[in-house]
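Going by the working numbering, the sequence shown opens with residue 19, and the numbers climb by one from there. Cβ atoms here follow ideal geometry from the backbone N, Cα and C, with glycine treated the same way. This structure is a prediction, so every number in the text was calculated from the model and none was measured. To start, the structure itself, in structure tokens.
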Amino acid sequence: MTATALDAAIDAYRQLHEAVPIPTRLPTEEEVAAMEDQMALRFHPDLRRFLMRASDVNHGALASVVLTKPDSHRFLPRVCENAWGAWGVPRDLVPVCADNANFYCVAPDGQVVYWAHDDGEATETWPSLAAWIRQVLIEEQRDC
């Protein structure tokens, strides 16, 4: 997916942001790079862009992982530890969002997969983060 399609999806998602008393701060490029070093992995470029442009958005029942709130249940290392350790998600899948014990993850090729803990495997896929944002974070969360 092109950066333009991803940017358009992020822009549409940002328009749905709901204010909260203590907002999440977006991470800087340096903070994202430091997190990659800390976790000994490289994020897909689309995931990096999403983290830096949209990980602060509050909309609907699903919320993405965050990098700037270490005490949050949405803190990326905590979500990854839970996904990879407790639920058997393969380490090459990086969670972008947790849904109870199920995870939406970005694969190395940029696809987004839904890892269902009951099945122990990916049960749904989207061709890109942009497609996932539009279908799951925008359309499916519209009435939440």
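- Between the stretch 26-41 and the stretch 116-124 there are fewer than three C-beta pairs closer than 8 Å, too few to call the two in contact.
- The closest CA to that of Arg32, considering only Ala72, Phe68, Met57, is found on Ala72.
- DSSP, reduced to helix, strand and coil, places Thr22 within a helical segment of the structure shown.
- For Ala104, the secondary structure class from DSSP, reduced to helix, strand or coil, is helix.
- Residue burial is scored here from C-beta neighbours: Pro126 has fewer than 16 other C-beta atoms within 10 angstroms and is therefore classed as exposed.
- Using a Cβ distance threshold of 8 Å, Val83 and Leu94 count as a contacting pair.
- For Gln129, the closest of Gly138, Asp136, Pro113 by C-alpha to C-alpha distance is Pro113.
- Pro45 counts as buried, since at least 16 other C-beta atoms from the protein chains shown sit within 10 angstroms of its C-beta.
- Nearest C-alpha to Arg66 among Asn76, Val50, Ala79, Leu80: Val50.
- For the options Thr86, Asn76, Asp110, Cys115, the alpha carbon positioned closest to that of Leu59 is the one of Asp110.
- Residue pairing of Asn120 in beta bridges, as defined by DSSP: Asp117.
- Judged by DSSP in its simplified three-state form, Phe68 adopts helix.
- Using a Cβ distance threshold of 8 Å, His62 and Val124 count as a contacting pair.
- Just so you know, the alpha carbons of His135 and Pro145 end up roughly 21 Å apart.
- Residue burial annotation: Ala101 is buried, with at least 16 other C-beta atoms found within 10 angstroms of its C-beta.
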